[in-house]
Each structure stands twice: as structure tokens, then as C-alpha cells.
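Step one of this worksheet: look at the structure below.
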Amino acid sequence: MENMGTFIAAGDIFITRRLPEDGYEGLSELASFIKDHDIRFANLEVTVHDREGYPFLFSGGTWAMADPVLLQDLKAYHFNAWNGANNHSMDYSHNGLLATMDNLRKQQMNYAGIGENLADASAPVYIEAKNMRVALIAATSTFHESWAAGNQRLDMRGRPGVNPLRFTTKYHVKKEYLDALRELAPQIDINAQENLNIKEGFSMAPDASFHFGSYDFMESGENRQETKPLEKDMKRMEESIKEAKKQADCVLVSIHSHEMTGEDKEKPAEFLKTFARRCIDAGANVVLGHGPHILRGIEAYKKGLIFYSLGNFIFENDTTTHQPADFYEKYQMDNTAMVGAGMDKRSKNGLIGLGVNENVWRSCLAEWKMADGMIREVKLYPIHLGKDLKRYRRGLPVLRRDDELLRHLAELSEEFGTAVRIENHVGIVELN
247 MENMGTFIAA
257 GDIFITRRLP
267 EDGYEGLSEL
277 ASFIKDHDIR
287 FANLEVTVHD
297 REGYPFLFSG
307 GTWAMADPVL
317 LQDLKAYHFN
327 AWNGANNHSM
337 DYSHNGLLAT
347 MDNLRKQQMN
357 YAGIGENLAD
367 ASAPVYIEAK
377 NMRVALIAAT
387 STFHESWAAG
397 NQRLDMRGRP
407 GVNPLRFTTK
417 YHVKKEYLDA
427 LRELAPQIDI
437 NAQENLNIKE
447 GFSMAPDASF
457 HFGSYDFMES
467 GENRQETKPL
477 EKDMKRMEES
487 IKEAKKQADC
497 VLVSIHSHEM
507 TGEDKEKPAE
517 FLKTFARRCI
527 DAGANVVLGH
537 GPHILRGIEA
547 YKKGLIFYSL
557 GNFIFENDTT
567 THQPADFYEK
577 YQMDNTAMVG
587 AGMDKRSKNG
597 LIGLGVNENV
607 WRSCLAEWKM
617 ADGMIREVKL
627 YPIHLGKDLK
637 RYRRGLPVLR
647 RDDELLRHLA
657 ELSEEFGTAV
667 RIENHVGIVE
677 LN
């Protein structure tokens, strides 16, 4: 029998409220559409527990916590493949992560990217479809360094956390700028602690580049920034892909990445493009990006497909039930302040932030078919999340006809040499 299947992929699900008891207008149409696919992917952008974790000092922006009952509500959308690795995975430290994993297992939800150690966090999860077996591997490049899952040893436990995709950054500068940095460094002792650590054996000597504090510079004929995936993380991903390729008909890689080129959130960072293409080279069929809460372009690379960001699917980050003291202190609010007032302060009463960005509140679902390892019939279906509704009502998706959004996505994809045409309010991706 021919190995074939249908796929649907959504972006970020940041859910904090119960679905209305009788649903909402457009839910039935959307849910039926999603259900009509074999593999149904989304990124879970919240921790799931009832204050069982301790708030971490660093968060992904909003300390993201959802009541476990919301996992029951999410079943209305019929997703069966989940990424758990993102910039909110450890908002509530290890206890919050472990409680989230426990609640996902109780609901029999297939998740990847988080685990009790690095081996678990980086392992593929397998989904058994009607006519094919699909592997999902997930990672995040946006996280606090202490969130990375750790390896086990014969004599020591591993560390719970996310499957990390770290990256290196080098600043290429012209000679005159590098000379100025070399002259300045000893005058302000910016490298004093690093120099002492090297002398005492706590750090390795730097490579041929010049360290200025935590930044890495090297002489070049032009001024530019260079980012690359950390090779040990890249190699681990490639090994996971090769293993999954031996055990499944199709391999999906999910990557959560906020990093961008310059100040343009729509343009993925250089290292992310390198990472995605190397995943395809290693045997992945599709790379599913998410993270910046807006759409990014699509690349048809060799025989694979790269979605650099699928935007939002559910976005309710302003209606969390609780935030830790750190959140309120950041906005100079006292211990009696509540969530609504905190969100007003953060957004300057709705004048700034993600809430005013139209592209946060409209996105798309990506659909494709596969037969014998080949991707076919890639289509894009616009969704809207109710930007103009009250803060406590917006964020739920409905299918919409939106050729303007599809034209915007087509423009974003031109950078990657990918053509997107529009037929009957559906985007059609031209494959190589």
C-alpha cells in the first residue's frame, strides 16, 4: 500500500481561558476542517498546572500558565502532535515543567521537545496515522541558558528542561573598530573576570576572535553580524532526524525561534535558516517554525518544506489568571495589583505591544499531502483571532477569506524563492 497521509499545522497556542460552553461562531467549521487530516500539529505555548511550579526569575515575557482543564478544551480542535519546547516551557521552573508533562501524559497528548533529561527532550515522538507513521522532533532557540535539559551519566541524573538549539554570534567589524575595542577593553576592565577565569582554569581560552565582555568580534572587510547553530546542538538534531527516518515514513521538525534579522521580526535569523536547511539535508521532510507570533516566509528547499513561522492559532496572553511578583515589580506596581491592571500598565492601556499589531491577530493553517515521502498539494488557509474584540474575548481562531494576508505571505516567501499563488481565497505553494 502506498504510504500517504494528510497534514495540517498551526502555530502558537497560548490559551488561558475556557472555551465558551456552547462553543463559538466558527469553531465547528474550523474543528471539522482540522479533524479531516491524519497529522494535526500545533505548538503549546503555555505551562499546564495549578501553581505547582515556582516562578522562574526569567520568563518568556508573560509567565504562561494554564489550568489543566484547558487541555480538555483543546481537544475540541483535534490536534494530535504537539511541540512543548518554547520560551515559556520553564516559566515555572522544573516543577512547572514536570507538572506540565504529567498533565499532557494524562490527556494522552503526543508531545516532543521537553523531558526529564536531554535524551528524552531530544527524542522523536511517533504518531501512528492510518497509512503512515510520522515522527516529530522539537526544539527551541529562545530560552534562558539554565532551561536546557541535561545529559544523564552513570553516576548522576540528567536535568529536566527543553531540547536546546543554541547559536553563536560573531560581530565582523572593520579594523579601525576592532582596534578601538582592543584599546578600550583594558581601560574599563570589561574582560577582567574572563581573563582571571582562564588563568584559574574555569574558562577556556578564546579562539582567534576578540572577546569584548560577552560579545565576540573579529576583523573583517565589512561590518555585519554572523549567527550559526551551535554545532553540538545541530549534530544532536541531525542524529535524532536520522534515527527517526529509520523508524517513520515522515519526519517533522518543530523549532520555536523568536530571533530575527535586525529589528525585523518577519525575517528569521541567519542561524535559523542554516538550521532548517540542515534538518532537511539530514532527512526531515518538513520544518515547522513558530515563535514571533507573526507569519514568516515559506521555503521549498530541495525535496523538503520550511515554514519559518506559522504565527498564532490561539493567543490569550493578556488573560492569565496569575502572575508572580516579578511581573508587577517590573512595572513598578505594588503587591496588591492584579493581572488586569498589570496588563494595562504593560500595554499603556492598549496603545503599545502585541495587541496593536494586526499581524499578531491573523495567521494561517498550513496543509499538505505526502505520498511515498514526497510532499504534494501545499495549501494555506487564513485564520483570524478577533483583534478588535475586548481583551478578554479575543484570541480564538476562525477561518476567514483574506487574500491580503495571503499576498503578504507570498511577499515574505519571495526572499526564499518560493511562489505562492491565490486560488479561491486559498494560498497554493509552488513546489520545486
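Going by the working numbering, the sequence shown opens with residue 247, and the numbers climb by one from there.
In this text, a Cβ means the ideal position worked out from N, Cα and C, and glycines have one as well.
Computed from a prediction, not measured in an experiment: that's the story for all the values here.
Contacting residues, own chain, Cβ-Cβ under 7 Å from residue i (five flanking each side not counted)
{"i": "M247", "result": "Because M247 carries a pLDDT of 43, less than 50, the predicted location of this residue cannot be relied on, and the following value inherits that uncertainty. Within the same chain, M247 has close Cβ partners N377."}
{"i": "T520", "result": "K474 and P475"}
{"i": "E298", "result": "N341, G342 and A345"}
{"i": "G588", "result": "Q569, F573, Y574, Y577 and M579"}
{"i": "E484", "result": "R524 and A528"}
{"i": "E562", "result": "F260, I261, T262, R263 and G641"}
Neighbour-count burial assignment, residue i, 16 or more Cβ in a 10 Å radius
{"i": "E676", "result": "exposed"}
{"i": "H568", "result": "exposed"}
{"i": "P266", "result": "exposed"}
{"i": "N333", "result": "buried"}
{"i": "V666", "result": "buried"}
{"i": "N443", "result": "exposed"}
{"i": "D634", "result": "exposed"}
{"i": "V606", "result": "buried"}
{"i": "G596", "result": "exposed"}
{"i": "M311", "result": "buried"}
{"i": "P432", "result": "exposed"}
{"i": "Y300", "result": "exposed"}
{"i": "I434", "result": "exposed"}
{"i": "I526", "result": "buried"}
Three-state secondary structure (DSSP) of residue i
{"i": "K615", "result": "strand"}
{"i": "M247", "result": "Note that M247 scores a pLDDT of 43, beneath 50, so its modelled location is shaky; the value from the coordinates is reported in the next line. Three-state result, M247: coil."}
{"i": "P410", "result": "strand"}
{"i": "H283", "result": "coil"}
{"i": "L597", "result": "coil"}
{"i": "K591", "result": "helix"}
{"i": "E512", "result": "strand"}
{"i": "F662", "result": "coil"}
{"i": "G359", "result": "coil"}
{"i": "E275", "result": "helix"}
{"i": "G535", "result": "strand"}
{"i": "Y300", "result": "coil"}
{"i": "A394", "result": "strand"}
{"i": "L400", "result": "coil"}
{"i": "A546", "result": "strand"}
{"i": "I526", "result": "helix"}
{"i": "Y270", "result": "coil"}
Proximity test, Cβ basis, 8 Å: residue i and chain C
{"i": "K488", "result": "Here there is only one protein chain, and chain C is not present."}
Same chain only: Cβ atoms within 8 Å of residue i, ignoring 5 sequence neighbours per side
{"i": "R647", "result": "P628 and H671"}
{"i": "D590", "result": "G596"}
Strand pairing of residue i, partner residues [DSSP]
{"i": "L290", "result": "I259"}
{"i": "R667", "result": "I674"}
{"i": "A385", "result": "I501"}
{"i": "N558", "result": "D258"}
{"i": "K625", "result": "E613 and I674"}
{"i": "M620", "result": "A617"}
{"i": "H630", "result": "R608 and V644"}
Own chain residues within Cβ distance below 6 Å of residue i, not counting five before or after
{"i": "I552", "result": "A522, V533 and E545"}
{"i": "N397", "result": "L364 and G404"}
{"i": "R353", "result": "Correcting the residue type first, residue 353 is Gln in the shown sequence and not Arg. Here the set comprises L317."}
{"i": "W614", "result": "F253, I621 and V624"}
{"i": "G272", "result": "V644"}
{"i": "H504", "result": "T388, G537 and P538"}
{"i": "I259", "result": "A288, L290, E291, F559 and I560"}
{"i": "K281", "result": "H324"}
{"i": "E516", "result": "T473"}
{"i": "L518", "result": "S503"}
Q. Unbroken beta strand (DSSP E) runs of length 3 or more, entirely within the segment 417 to 504: which are they?
A. If we require 3 residues or more, the beta strand (DSSP E) runs fully inside the segment 417 to 504 come out as 456 to 458, 461 to 465, 470 to 475 and 496 to 502.
Q | Continuous alpha helix (DSSP H) assignments of at least 4 residues falling wholly in the segment 310 to 348 | A | List check, alpha helix (DSSP H) in window: 316 to 320.
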